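A.B. asks: Here's a structure for you.
Chains as they are written, first to last, in the working numbering: chain A, 1 to 479; chain B, 480 to 579; chain C, 580 to 752; chain D, 753 to 1424.
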């Protein structure tokens, strides 16, 4: 066994973990949050480079089949690292204003990212479980960053209690699958799988654990509360990187552990949950007056669209999910970023939609960018969000799930209402009182501009056409 | 000789007791203890399968699950401390500022 | 003989579990949970998982539950009379949901005994520290390393959350 | 010819880049907005460099070259349907690109001076660049879908630019009107696109035009008709032309660029592109010709009665577009494109000249205000002008050149193109299908040509000859002629360039018969040679003598018309002469002056009855049933949203309850 080779296959994760340790050490001994910040950015950026490099390498398994490298896992790692990178770059100013800027926060973000990277490459239920827990434990802490505020502690408590509760189901699912197949490795399970009730029940409970993490209805209830009570840039991190990692793990489970649809009717489960998620997420989002909470429900709705791609169960669907994750990471990080900016100026209450009246003209570039991100989230061409939706819905149609696609399109049409509502407030309502906004800092502003440019650019030229994503998926068939 | 059914059923019953406990209790610490009970129940299932399969993987998984439980306990109790400081209570029905 | 021990332990486990859920005193609940964990450790012995039985007592009953008790004492939460849910519908629905979930799980266990009739003879050696350590540091190295990160993160995270009114400007403490 | 991808990317990309740079920087930085020189130069380069690129492509191309394609990327792809961002470089698209970027560059140059004092300077140039980008997409697209995107894009830009001074209510109304009338046409065009896709399964021009036999005669008729309706919307033909005169509310360079030289000719471009299909249906051809001739004469008669300098030019544009449609309908696609080119030159020149005049008249008004005189007058009303040639010689000379060109006096540009059109219409009179009709159309065209020369010289004489009338008409404006001045160099440069083009522009389409008469080989019509692979022209069958006779006749008509106009308006007799015409033509004149009451007709015949009907009948139906239904759905959605949110009680154990419900749901689906 060549450990060096194994280590190399998880190089991005190792780099991020080491950076995390460094960030905490720097905080402890040098008391320098800025150095930690630089280490964090540097670590994630280097990890990102290695992840991109492995995207072009060949696929295989490492650590005695515990993880996969290359292929879908590499793509997932890239998306996770992108999400982490963007969220960290927009975090500094925001956290400073909240008086939360210190190295431990970055350490937590990095450890959490390590967990996500493990999740995105897991080829074994044990890896999946441990990585998921590493990610979650750090997220519980991050959710409670504003521990001296009532809502901060509350969001951490809810996230933690329900997260631990769902972990119970996840672990039970793994136990039953193990009982039915005597294996935890995904491919070994696929080889040993029989359509026994034990196995089906196990996969069902495993799904529950994953559904919880991606905030699918009816496992979504924690999402709005936690998103609202978490510092906004950290919310962006949860909504993009964490969700992407879990969805990639989901894709790995479906393609590697459950390739045969004859054993169980997983597609129906995914379909029902997708429909529930799209409908409930969008309906409640319609009734929200808090922009941050609205975005939380919208992220639930987006989990529904992603689930449509999973329910399609074909390569096009999985490829669509991967593309959508990329798109979603870009546009959602951007949207949360702009909201964080507005919030930074006027405190935490400044997420009520009423306070957005007339904001669009204050710092025009921010207003325009928020509009771009919201257009993209609403799936209006030529934004990247449209392309993502198009791919997953087209895959559903290809798989013959036409009703599902129709519900998806209707739901996303309804979603236009609440996204545009924010824009109506931004541009067509009179501001209640005169005030000025802080000028956004250099890094913050240009990160958002980059995100906005990417949102439009990938909407106009989707350089990651589904066919090459499909190759990523099929590259795993032999390993 | 005890058949595996009995172990599994015992485990399922314990799991359900924990589950119902989570639903009916209002004390955050007790709810958390119920979750620990659920995890224990799952560990029992894993060890039973491990023994009857004669495969060590299940025990390894229990080992990791113990580590996770320990980590969760540390974090969870810290969060409960924070809640207590803010609310002077650990009653979760009173922790409902975030809703709707 | 095994059977009697099992029945005894099973009754003890279920009883202590119910005791934990139903007792109004938080300290008592915690003590019931300790009892529950010890008896589960006994069942592990029946299943020939000696090492894990030991850890169960050391880690769970010994470390984790002491932590629980410590926090309960710290917060002075011994009595919870007022904290019991008064809504009867909630009990009924919780009980109902519990029964449905339990029956679904039990339903899925059908036929397992035919597949796995008896404890594998390999367990004589498989439950020992050597056997576990052997695979833990080779086959499951990745998970082991990830656990290391997990525990580090948990310790740091707990500090972050539990620190009281830390002034955060530039980490002056 | 090697692959044109790089050059095409530049041609398409630079205007977009210009739009993005000026748009984003202008939006984000107020400091940038005041750097007008920089903004102007960037915007100009963003059009001028593409012009040079197009010129390079053009010089490497000859009339026999096969079309070259630049496939930039595939936007989306599923199954047989793909959206390709791909461009087609051939003789036709090159001509159009040269016109769009060439005239576009000059107008951009002119705008630097014209808009110099406007607050929205950066926005104006950003929009203009965006327009050029959309227009280039339209003319270079290799498939109907991309063309349609460009088609919608130019519509959007036109809407934005007409309403550029959106604070003025009437201007934003004009923008809305343009938008609405265009939507009607676009809708028809879209249906045509669907029909084509359904039959052929592709929207690529090459594929469509090589598989025309797949269409039944009926299909061709309906598709042709729908495309025609689309074209009448964008190119302001009967019945959808009423938006164009109102569209002159926008800044004058916009009128010159969009509503005279480029966007409004996109309908003609589209039909020429699809010409092999149109010639298959003589019925549609005749409808096209009739619409064109009718529009030409209707607009010309209205133009006679107008006092607004831009109004006259607007109706003149509609009328000239009518000529182009007549050409299309007569199978003279080359002549139509020829007229597009020459018209772009002289009409842009006229509009810019009028802009120069308006600019100076506004200057007079401002100066008077500065002097504390509270006078108001319409700076666009020609009755206030007169004698301007003394004060703005360059504007006068260029305006006069362009007027001669549009009037059809040889050897200026307008003469050749218009003559070719009229001749083709006459030629079609001998055709198999509806010959007599084409003779009538020829007559209509000749009368229109007469009217064109007349109203254009009326405009020129009234504006520039005689004496400055403002001081005589309005108290407090005495001595205001001292404020009249020539426009800045950026504006006159553009004017002179366009005037020069109006003089020589006609030589790209010299009539072939002239050469034959003098023993040549009959191939001096360069444009005809250039486009012969694309435009499915119906050849002329007239004898040389007949052609000479027709041409001479046309020259005489134009000359007589100019002479009459000179006699009537050459020396300050505008008021008496208009009155004389009014008395002579009595009821007709009133109809012309009321613009055939078309706006009122649409209002009365369509809008009012619809409103009445809907008030009386539909309203009840609407309120009780439709509204009820819609409200019920919307209400249900909103209420269920509002109710559902209360599931979220904020108590964690309730959340756990739903989680368990989910568990039961999942397990039930899987196990049973």
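Don't be surprised by glycine CBs; every beta carbon is placed ideally from N, CA and C. It should be emphasised that the depicted structure is a prediction, and the values quoted were computed from it without experimental measurement.
1. Of the residues that make up the segment 1393 to 1422 of chain D, which ones have a beta carbon closer than 7 Å to any beta carbon in chain B?
2. May I ask you to list, following chain order, the residues of the segment 1055 to 1074 of chain D that have a beta carbon less than 9 Å from some beta carbon of chain A?
3. Look at the alpha carbon of residue 637 of chain C and the alpha carbon of residue 128 of chain A, and state the distance between them as a whole number of angstroms.
4. Are residue 721 of chain C and residue 111 of chain A touching if we call contact CB-CB under 7 Å?
5. Under 7 Å Cβ to Cβ from residue 300 of chain A, same chain only, skipping five residues before and after it: list those, please.
6. At which residues does the alpha helix (DSSP H) containing residue 69 of chain A begin and terminate?
7. Since residue 399 of chain A and residue 313 of chain A should fall inside the 8 Å C-beta cutoff, what is the C-beta to C-beta distance between them, to a whole number of angstroms?
8. What separation, rounded to the nearest whole angstrom, lies between the Cα atoms of residue 397 of chain A and residue 953 of chain D?
9. Quick test of the definition: if touching needs 3 or more C-beta pairs under 8 Å, does the segment 56 to 74 of chain A touch the segment 717 to 737 of chain C?
10. Report the three-state DSSP secondary structure of residue 352 of chain A (helix, strand or coil).
11. Based on Cα-Cα distance, which residue from A/157, A/256, A/370 lies nearest to residue 334 of chain A?
12. Closest Cβ-Cβ distance between residue 500 of chain B and chain A: below 7 Å?
13. Does chain B have any CB closer than 7 Å to the CB of residue 126 of chain A?
14. Excluding the 5 residues flanking residue 1031 of chain D on each side, which residues of the same chain have their C-beta closer than 8 Å to its C-beta?
15. In chain order, what residues of the same chain lie with their CB nearer than 6 Å to the CB of residue 1407 of chain D, ignoring the 5 residues before and after it?
16. Mind checking which residues open and close the alpha helix (DSSP H) that includes residue 156 of chain A?
17. In chain D, what lies closer than 8 Å to residue 495 of chain A by C-beta?
18. When you compare only the Cα positions, how much space is there between residue 565 of chain B and residue 81 of chain A?
19. Are the C-beta of residue 197 of chain A and some C-beta of chain C separated by less than 7 Å?
20. For residue 716 of chain D, which residues from the same chain have a beta carbon less than 8 Å from its beta carbon, with the 5 sequence-adjacent residues on both sides left out?
21. At a Cβ cut of 7 Å, what residues of the segment 675 to 688 of chain C count as close to chain D, listed as they run along the chain?
22. Is the segment 1223 to 1230 of chain D touching the segment 1154 to 1173 of chain D, taking contact as three or more C-beta pairs under 8 Å?
23. Going by CA-CA distance only, name the one from D/821, D/902, D/1298 that's closest to residue 1178 of chain D.
24. Which word fits residue 1400 of chain D, buried or exposed, when buried means at least 16 other C-beta atoms lie within 10 angstroms of its C-beta?
25. Pop quiz: residue 252 of chain A and residue 310 of chain A are said to be a contact at Cβ under 8 Å. What is the actual Cβ separation, rounded to whole angstroms?
26. I'd like to know whether the C-beta of residue 155 of chain A is nearer than 7 Å to at least one C-beta of chain D.
27. Checking contacts by CB at 7 Å: is residue 165 of chain A closer than that to chain D?
28. Return the first residue and the last residue of the beta strand (DSSP E) that residue 287 of chain A is part of.
29. For residue 132 of chain A, collect the residues of the same chain with a Cβ closer than 6 Å to its Cβ; drop the 5 residues on either side in sequence, then sort them by chain order.
30. When the Cα atoms are used, what is the spatial distance from residue 608 of chain C to residue 628 of chain C?
31. So, for residue 766 of chain D: in the same chain, excluding its five sequence neighbours on each side, which residues have a beta-carbon less than 7 Å away from its beta-carbon?
32. Confirm, please, whether the CB-CB distance from residue 353 of chain A to residue 455 of chain A is below 7 Å.
33. Helix, strand or coil: how does DSSP classify residue 193 of chain A here?
34. Anything in chain C within Cβ reach of residue 230 of chain A, meaning under 9 Å, just list it in chain order.
35. Alpha carbons only, please: which of D/941, D/1160, D/1133, D/777 is nearest the one belonging to residue 977 of chain D?
36. Evaluate residue 1282 of chain D with the Cβ neighbour count: other Cβ atoms within 10 Å of its Cβ, from every protein chain shown; 16 or more gives buried, anything less gives exposed.
C.D. replies: The answer reads as follows:
1. 1397, 1398, 1400, 1401, 1402, 1403, 1404, 1405, 1408, 1409, 1412
2. none
3. Here residue 637 of chain C is taken as the residue at index 58 of the third chain, counted from 1. Here residue 128 of chain A is taken as the residue at index 128 of the first chain, counted from 1. Each residue's alpha carbon lies about 26 Å from the other.
4. One-based indexing of the third chain puts residue 721 of chain C at position 142. One-based indexing of the first chain puts residue 111 of chain A at position 111. No, the Cβ-Cβ distance between residue 721 of chain C and residue 111 of chain A is not below 7 Å.
5. The count along the first chain starts at 1 and reaches residue 300 of chain A at position 300. Around residue 300 of chain A: 215, 217, 220, 223, 277, 281.
6. What you label residue 69 of chain A is simply residue 69 of the first chain in a count that begins at 1. Not the alpha helix (DSSP H): residue 69 of chain A falls in the beta strand (DSSP E), residues 67 to 69.
7. What you label residue 399 of chain A is simply residue 399 of the first chain in a count that begins at 1. What you label residue 313 of chain A is simply residue 313 of the first chain in a count that begins at 1. Indeed they touch by this definition, with Cβ atoms about 6 Å apart.
8. Counting from one through the first chain, the residue named residue 397 of chain A turns up at place 397. Counting from one through the fourth chain, the residue named residue 953 of chain D turns up at place 201. Cα to Cα, the separation comes out at about 19 Å.
9. yes
10. Numbered from its first residue, the first chain carries residue 352 of chain A at position 352. Reduced to three states, the DSSP call for residue 352 of chain A is strand.
11. Indexing the first chain from 1 puts residue 334 of chain A at position 334. For the residues A/157, A/256, A/370, the minimum Cα distance to residue 334 of chain A belongs to A/370.
12. Position 21 of the second chain, counted from the first residue, corresponds to residue 500 of chain B. Cβ-Cβ to chain A under 7 Å: no for residue 500 of chain B.
13. The residue labelled residue 126 of chain A in the question sits at position 126 within the first chain. Taking Cβ atoms only, chain B reaches closer than 7 Å to residue 126 of chain A, which makes this a yes.
14. Mapped onto the fourth chain, residue 1031 of chain D falls at position 279. Excluding sequence neighbours, residue 1031 of chain D sits near 1037, 1083, 1288, 1290.
15. As a working mapping, residue 1407 of chain D is identified with position 655 in the fourth chain. Answer for residue 1407 of chain D: no residue qualifies.
16. One-based indexing of the first chain puts residue 156 of chain A at position 156. Here the alpha helix (DSSP H) through residue 156 of chain A covers 150 to 181.
17. As displayed, chain A neither begins before 1 nor continues past 479, which places residue 495 of chain A out of reach and without an answer.
18. Working through the second chain from its first residue, we reach residue 565 of chain B at position 86. Working through the first chain from its first residue, we reach residue 81 of chain A at position 81. Cα to Cα, residue 565 of chain B sits roughly 35 Å from residue 81 of chain A.
19. As a working mapping, residue 197 of chain A is identified with position 197 in the first chain. Chain C contact via Cβ: present.
20. Residue 716 of chain D lies beyond the range of chain D shown here (753 to 1424); nothing can be said about it.
21. 676, 679, 680, 683, 686, 687
22. no
23. Numbered from 1 along the fourth chain, position 426 holds the residue referred to as residue 1178 of chain D. If we check each option's Cα against that of residue 1178 of chain D, D/1298 comes out closest.
24. Here residue 1400 of chain D refers to the residue found at position 648 of the fourth chain. With 16 or more other Cβ atoms within 10 Å, it is buried.
25. Numbered from its first residue, the first chain carries residue 252 of chain A at position 252. Numbered from its first residue, the first chain carries residue 310 of chain A at position 310. At roughly 11 Å, the Cβ-Cβ gap does not stay under 8 Å, so residue 252 of chain A and residue 310 of chain A are not in contact.
26. If you number the first chain from 1, residue 155 of chain A lands on position 155. No, no contact with chain D.
27. Position 165 of the first chain, counted from the start, is the residue given in the question as residue 165 of chain A. Interface residue, yes.
28. Start at 1 with the first residue of the first chain, and residue 287 of chain A comes out as number 287. Taken as a continuous stretch (DSSP letters only), residue 287 of chain A belongs to no beta strand (DSSP E), as it is neither H nor E.
29. Working through the first chain from its first residue, we reach residue 132 of chain A at position 132. Excluding positions up to five away in sequence, the list reads 119.
30. Locating residue 608 of chain C in the third chain gives position 29, where the first residue counts as 1. Locating residue 628 of chain C in the third chain gives position 49, where the first residue counts as 1. Each residue's Cα considered, the two are about 27 Å apart.
31. Position 14 of the fourth chain, counting from 1, holds the residue named residue 766 of chain D. So the qualifying residues of the chain are 798, 801, 802.
32. If you number the first chain from 1, residue 455 of chain A lands on position 455. If you number the first chain from 1, residue 353 of chain A lands on position 353. Contact flag unset, no.
33. Taking the first chain and counting its residues from 1, one reaches residue 193 of chain A at position 193. The answer is coil: DSSP assigns residue 193 of chain A none of H, G, I, E or B.
34. On the first chain, residue 230 of chain A is found 230 positions in, with the first residue counted as 1. None at all; the shortest Cβ gap to chain C is about 13 Å.
35. Position 225 of the fourth chain, counted from the start, is the residue given in the question as residue 977 of chain D. Out of D/941, D/1160, D/1133, D/777, D/941 has the C-alpha closest to the C-alpha of residue 977 of chain D.
36. Stepping through the fourth chain from its first residue, residue 1282 of chain D is reached at position 530. Burial call: buried.
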